[in-house]
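Peer 1:
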Amino acid sequence: MNNNRKYFIQSTSYSTANMMIAGSVIQGFMLECGIAENAVALYLSLVQILQVSVILVISMIIDKIRNVIRAYAWSMVLQSILFLSLIFLCVFQNVPLTPKYLLVFASGILTNVFLAVFNVLTYKVPYHIIDMSNYAQLTGLIGVVVGVGCIVVSAAMSFFTARFPYYPTMLGFFVFGTAMLLVSFFLTLSYIPVEQNLPKTKKAKSKEEKKNLFRYRPFTLLILPNLLRGFCAGILIVAMTIGHIEGITNPASGAILTLLLQVGNVLSCFVYAVLAKRISNSSMILFSSLALLAFMPAMLARHSLSLFYGMYFFANFFLNVINNAVPVAVTKFVDYEYVGQYSSWRMLLHTAGIALSNALVTPVLGALGGVGTLLVAAVCQLLSGGAYFLFLRLGRERPI
378 MNNNRKYFIQ
388 STSYSTANMM
398 IAGSVIQGFM
408 LECGIAENAV
418 ALYLSLVQIL
428 QVSVILVISM
438 IIDKIRNVIR
448 AYAWSMVLQS
458 ILFLSLIFLC
468 VFQNVPLTPK
478 YLLVFASGIL
488 TNVFLAVFNV
498 LTYKVPYHII
508 DMSNYAQLTG
518 LIGVVVGVGC
528 IVVSAAMSFF
538 TARFPYYPTM
548 LGFFVFGTAM
558 LLVSFFLTLS
568 YIPVEQNLPK
578 TKKAKSKEEK
588 KNLFRYRPFT
598 LLILPNLLRG
608 FCAGILIVAM
618 TIGHIEGITN
628 PASGAILTLL
638 LQVGNVLSCF
648 VYAVLAKRIS
658 NSSMILFSSL
668 ALLAFMPAML
678 ARHSLSLFYG
688 MYFFANFFLN
698 VINNAVPVAV
708 TKFVDYEYVG
718 QYSSWRMLLH
728 TAGIALSNAL
738 VTPVLGALGG
748 VGTLLVAAVC
758 QLLSGGAYFL
768 FLRLGRERPI
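Below, the structure is given as structure tokens:
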């Protein structure tokens, strides 16, 4: 089996496992255990803060790691710590509430340390294992399979937990998730390094520049665009809340919006995989940004729930095209020596933009209304997309 096939199977196996210890699944498990809502909220907040902190720390050493593949494999399999804790609680259901919460809390925090390291290494490993000219297409195809897998697993989880005892059912899913992590781990260790495929432009232009990312122009020129992209994404994340304030969405809308998001992500990944060899990333980023300018404000145009659903679907479709195109575009202009710390800071800036939009959404809604808020968010993405387009077109985009 060649590295491309291994990468495809490894990525999908890991993503299938990861969805079982993240988001609504872990929240639902904690609540089912009797853990109070405020304690669950505290856990989720601390996890976000922790991941940002770890990414910030790892950005300083990421490009000094010698065996990237091995570090990637171990940062992946060590996430099984949370799986093992959840399996234990499914088997021993009479554990008192406080020790139960402390076990989930401690194992979850530790797992998210390794998750943060893994997320950074994800952008560096491909240079060591695949021909980077295939990176865009592989990214899109993996997104399709992962998206379909998430929909199937989510549907199966909902089906079985509604008809069978909760803990035995979740035990089966958590064991399956652990198995997927192990498959991903052993496949990663079996990669055959292809160091000869590293970019020829891997040497920094000067020793002084190499010491300081903040003097590296491909980073400094895109600081604001990366923040603006995060700001737009953050506003779209709270679309359900905006729709509720505007009197459009109802309690059932959350599940429908989640389904629309998942389906949109699958289709957008497929479209990206098909177009990756035909259309440049710069063009896809700019076109998708223009599409967001049309679809986001239109979500509230007629105060119609069906229109809201339709425009939400298309807005997330094009946002996910951007989310696929930007990391691939980065490989076209960032020197290999900077890839680790560059990706770390790009992720931090994006997260900071999301946090900023979440903090400002209420006052902005009060000042500009729903349509105005969505328009401002779309304009932020258009400015970001325009900056990426110009940066890539003005001689920065080059083949790996």
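Using the working numbering, the first residue of the sequence shown is number 378, and each one after it goes up by one. C-beta: ideal position from N, C-alpha, C; glycine also.
1) Taking one C-beta from the region 657-664 and one from the region 672-681 each time, how about it: are there three or more such pairs within less than 8 angstroms?
2) Report the rounded CA-to-CA distance for MET564 versus VAL756, giving the unit in angstroms.
3) Using DSSP with H/G/I as helix, E/B as strand and the rest coil, what is VAL679?
4) State buried or exposed for ARG723, treating a residue as buried only when at least 16 other CB atoms are found within 10 Å of its CB.
5) Below 8 angstroms on the Cβ atoms is my guess for HIS505 versus VAL454; work out the distance and round it to an integer in Å.
6) Using 8 angstroms as the threshold, is the region 738-746 in touch with the region 596-608, meaning 3 or more CB pairs across them?
7) If you count every other CB in all the chains shown that lies within 10 Å of the CB of ASN380, and 16 or more means buried, which is it?
8) Let's test the definition: count the other Cβ atoms within 10 Å of the Cβ of THR488 and tell me whether it reaches 16, buried, or not, exposed.
9) For LYS477, does the count of other Cβ atoms within 10 angstroms reach 16, so buried, or fall short, so exposed?
10) Where does TYR649 fall in DSSP's three states?
11) From what residue to what residue does the alpha helix (DSSP H) around THR626 run?
12) Any idea what DSSP makes of ASN781, helix, strand or coil?
13) DSSP three-state call for MET437: helix, strand or coil?
14) What three-state label does DSSP hand LYS501 in the structure shown?
15) Among residues of its own chain, excluding the 5 on either side of LYS584, which ones have a beta-carbon nearer than 7 angstroms to its beta-carbon?
16) Starting from PRO595, trace the alpha helix (DSSP H) both ways and give me its first and last residue.
17) Buried or exposed: ALA706, going by 16 or more other Cβ atoms within 10 Å of its Cβ?
18) Quick check on the DSSP output: the alpha helix (DSSP H) that includes VAL445 runs from which residue to which?
19) Output the distance between the C-alpha atoms of TYR543 and PHE495, rounded to the nearest integer angstrom.
20) In the DSSP assignment, the alpha helix (DSSP H) including PHE536 goes from what residue to what residue?
21) Assign GLY624 to one of two classes, buried (16 or more other C-beta atoms within 10 Å of its C-beta) or exposed (fewer than that).
22) Grab me the residues of LEU480's own chain with a C-beta within less than 6 angstroms of its C-beta, minus the 5 sequence neighbours each way, in chain order.
23) Here's the rule I'm using: 16 or more other beta-carbon atoms within 10 Å means buried, otherwise exposed. How should PHE562 be labelled?
24) Where ASN658 and GLY762 are concerned, what is the direct C-alpha to C-alpha distance, given to the nearest angstrom?
25) Starting from ILE412 and walking both ways along the alpha helix (DSSP H), at which residues does that stretch end?
26) What number of angstroms, rounded off, separates the C-alpha of LEU638 from the C-alpha of PHE541?
27) What three-state label does DSSP hand ASN589 in the structure shown?
28) Within 10 Å of its beta-carbon, does THR475 have 16 or more other beta-carbons around it, so buried, or fewer, so exposed?
29) Since ALA653 and GLY517 are thought to touch, with beta carbons under 8 angstroms apart, how far apart are those beta carbons, to the nearest angstrom?
30) When we look at the beta-carbon of ILE731 and count the other beta-carbons within 10 Å, is it buried (16 or more) or exposed?
31) Buried or exposed for ILE468, please, with buried defined as at least 16 other CB atoms from any protein chain shown within 10 angstroms of its CB.
32) For SER457, collect the residues of the same chain with a Cβ closer than 6 angstroms to its Cβ; drop the 5 residues on either side in sequence, then sort them by chain order.
33) To the nearest angstrom, how far is the alpha carbon of GLY526 from that of ILE403?
34) Pull up the distance between the alpha-carbon of MET509 and that of GLU414, whole angstroms please.
Peer 2: Quick look at the numbers:
1) no
2) First, the amino acid is wrong: residue 564 is Leu here, not Met. The straight-line gap from Cα to Cα measures roughly 42 angstroms.
3) Before going further, note that residue 679 is Arg rather than Val in the sequence given. Residue state, collapsed to three classes: coil.
4) buried
5) Between VAL454 and HIS505 the Cβ distance is about 18 angstroms, and since that is not below 8 angstroms, they are no contact.
6) no
7) buried
8) buried
9) buried
10) helix
11) Note, THR626: premise wrong, no alpha helix (DSSP H); not H, not E.
12) There is simply no residue 781 to check, as the chain begins at 378 and stops at 777 in what is shown.
13) coil
14) coil
15) Its pLDDT being 47, under 50, LYS584 is placed unreliably in this model, and the coordinates cannot settle the point.
16) 594-597
17) buried
18) 445-454
19) 30 angstroms
20) 512-540
21) exposed
22) SER462
23) buried
24) 10 angstroms
25) That residue, ILE412, is in no alpha helix (DSSP H); it is neither H nor E in DSSP.
26) 28 angstroms
27) coil
28) exposed
29) 6 angstroms
30) buried
31) Note that residue 468 corresponds to Val in the displayed sequence, not to Ile. So VAL468 ends up on the exposed side.
32) THR555, LEU558
33) 18 angstroms
34) 45 angstroms
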